[in-house]
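The structure appears below as structure tokens.
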Amino acid sequence: MATGENKVQFNLKNVHYAVLTALSPTPTWDTPVPVPGAVSLSLEQQGEITKFYADGIVYYQSSSNNGYEGDLEMARFPEKMHQDIWGDTLSATDNVLVENANTQPNPFALLFQIDGDVNNALYCLYNCTATRPNIEGETTNESKEPKTQTCTISAVPLPDGNVRANTTSTTTEGVISAWFDSVYMPAAAGVGG
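Per this note's numbering, residue -1 is the first one in the sequence shown, and the count goes up by one each step.
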């Protein structure tokens, strides 16, 4: 990997999900599954700054970190993701995918890459839930304009407080090359809860 910190970032790609299989005592995930066709990801931080006034000044202030929430836009969400994340079932006799309103979505880790001018940044949001994607289509006229699918992602902290991980300009090559093989968990003392 090149050395130095990125000045800019661009090009979302390599989106993967890994179903969260256990939260405690140690979080575990299935092997990450690729989701081709990344279009955009826009996540806003969730939390606020609380100020306490005394003696005519801000006497104390704190901030909360409730993770992130926003939209993931893909060319199309694959059928496997509909089954793994949203709990859709595939009819064994005629291979029809069926959505049931009583099924709750499965939590998952969201992994992805954003290219930079020097290094590619790899991200992992540990504890995500997603709304079902929209269904959209329109008639074809002079040109065929693809329609995308979007879902809303909510990424909240794990029980130990960890929300996300991302590589830096000094991350080791071993971590980078294995990023999409399994969900990265910090091993260093003092990281997380």
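Glycine included, C-beta positions come from ideal geometry on N, C-alpha and C.
This one's a predicted model, so the numbers in the text were calculated from it and none came from an experiment.
Helix, strand or coil: which one does DSSP assign to residue i?
i: residue 81; result: helix
i: residue 151; result: strand
i: residue 47; result: strand
i: residue 54; result: coil
i: residue 2; result: coil
i: residue 135; result: coil
i: residue 159; result: coil
i: residue 187; result: Low confidence applies here, because residue 187 scores a pLDDT of 47, under 50, leaving its location unreliable and the question unanswered by this model.
i: residue 8; result: strand
i: residue 88; result: strand
Is it true that the CB of residue j sits closer than 9 Å to the CB of residue i?
i: residue 150; j: residue 67; result: yes
i: residue 23; j: residue 125; result: no
i: residue 39; j: residue 88; result: no
i: residue 36; j: residue 180; result: no
i: residue 165; j: residue 119; result: yes
i: residue 79; j: residue 31; result: yes
i: residue 106; j: residue 41; result: no
i: residue 123; j: residue 173; result: no
i: residue 6; j: residue 115; result: yes
i: residue 45; j: residue 61; result: yes
State the beta-bridge partners of residue i as determined by DSSP.
i: residue 68; result: 41 and 151
i: residue 177; result: Partner(s): none; residue 177 has no beta bridge.
i: residue 32; result: 14
i: residue 164; result: 121
i: residue 172; result: In DSSP, residue 172 forms no bridge with anything.
i: residue 108; result: 15 and 123
Considering Cα atoms alone, identify which of the options is closest to residue i.
i: residue 153; options: 164, 108, 183 and 16; result: 108
i: residue 48; options: 91, 56 and 72; result: 56
i: residue 147; options: 129, 53 and 28; result: 129
i: residue 157; options: 28, 65 and 60; result: 65
i: residue 175; options: 12, 140 and 160; result: 12
i: residue 95; options: 76, 102, 110 and 54; result: 76
i: residue 133; options: 28, 74 and 61; result: 74
i: residue 127; options: 97, 155 and 145; result: 155
i: residue 110; options: 4, 2, 97 and 14; result: 14
i: residue 3; options: 43, 169 and 183; result: 169
Are the C-beta atoms of residue i and some chain C residue less than 9 Å apart?
i: residue 146; result: This model lacks chain C altogether; it includes just one protein chain.
Could you give the C-beta distance for residue i and residue j, rounded to a whole number, given that I count them as a contact under 8 Å?
i: residue 83; j: residue 63; result: Actually they do not touch by this definition, with Cβ atoms about 24 Å apart.
i: residue 113; j: residue 178; result: That pair is no contact at about 15 Å.
i: residue 167; j: residue 93; result: With 8 Å as the limit, residue 167 and residue 93 do not qualify as a contact, their Cβ atoms being about 47 Å apart.
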